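S.K.: Mind the numbering: the sequence shown is residues 40 to 173 in the working numbering, read in order. Right, I'll just put the structure down here and ask away after.
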Amino acid sequence: MDANETRPLEDLVRWNGGLSALIKGARSFEPTSTVTFRPDHAVAATEKVIDGLATPDQLIDWAQAVHFAEQVHVEEAHQDLLTQFLFEISTPELFEPVTREVCQRWLRVLQASMAPVVLFCRRRPGLGSVSARG
Numbered sequence: 040m041d042a043n044e045t046r047p048l049e050d051l052v053r054w055n056g057g058l059s060a061l062i063k064g065a066r067s068f069e070p071t072s073t074v075t076f077r078p079d080h081a082v083a084a085t086e087k088v089i090d091g092l093a094t095p096d097q098l099i100d101w102a103q104a105v106h107f108a109e110q111v112h113v114e115e116a117h118q119d120l121l122t123q124f125l126f127e128i129s130t131p132e133l134f135e136p137v138t139r140e141v142c143q144r145w146l147r148v149l150q151a152s153m154a155p156v157v158l159f160c161r162r163r164p165g166l167g168s169v170s171a172r173g
């Protein structure tokens with residue numbers, strides 16, 4: 040795949056640059072392949088608001104652009120969570136206003152979804168074997 044083939048969409052999903060230009064570039068571009076939206080993209084976007092680098096309104100605009108871009112597909116392993124994130128952030132009139140606190144809550148949920156699952160093993164008394172517990 041040509042590196043420039045999906046560049047405007049990749050820049051939008053990663054929020055690399057000025058938001059207005061990114062949205063305009065993505066809307067005017069006709070890629071032939073898709074870009075995958077992953078939890079780390081959502082984490083980076085919410086961190087922009089938490090850190091004061093973007094406003095909640097900008098996050099709403101970004102989420103709308105990502106959500107409705109036809110060539111942006113949500114990572115399958117996190118599809119339900121990321122779809123919910125995009126839907127709730129892009130339509131605050133249906134859920135709740137996007138605030139710094141809402142972003143902090145989403146950040147915790149998103150980071151938890153990316154944490155590796157650890158199985159704890161314990162020895163079963165008298166058997167010398169190991170059993171897995173989650």
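Here a beta-carbon is modelled for each residue, glycine too, at the ideal position from N, C-alpha and C. Note that this is a predicted model, so its numbers are computed, not measured.
1. Please return the same chain residues whose Cβ sits closer than 6 Å to the Cβ of G167, not counting the five positions on each side in sequence.
2. Report back the beta-carbon spacing between L51 and V105 to the nearest angstrom; my notes put them in contact at under 8 Å.
3. Work out the CA separation of P155 and L61 for me, nearest whole Å.
4. Based on DSSP bridge pairs, tell me the residues matched to V74.
5. Is T45 buried or exposed, if buried means 16 or more other CB atoms sit within 10 Å of its CB?
6. Am I right that L146 and T85 are in contact with their C-beta atoms under 8 Å? What's the rounded C-beta distance?
M.R.: By the coordinates alone:
1. Confidence is the limiting factor: at G167 the pLDDT is only 49, short of 50, which leaves the residue's position unreliable, though a coordinate-based value still follows. Nothing meets the Cβ criterion.
2. 6 Å
3. 32 Å
4. V111
5. buried
6. 5 Å
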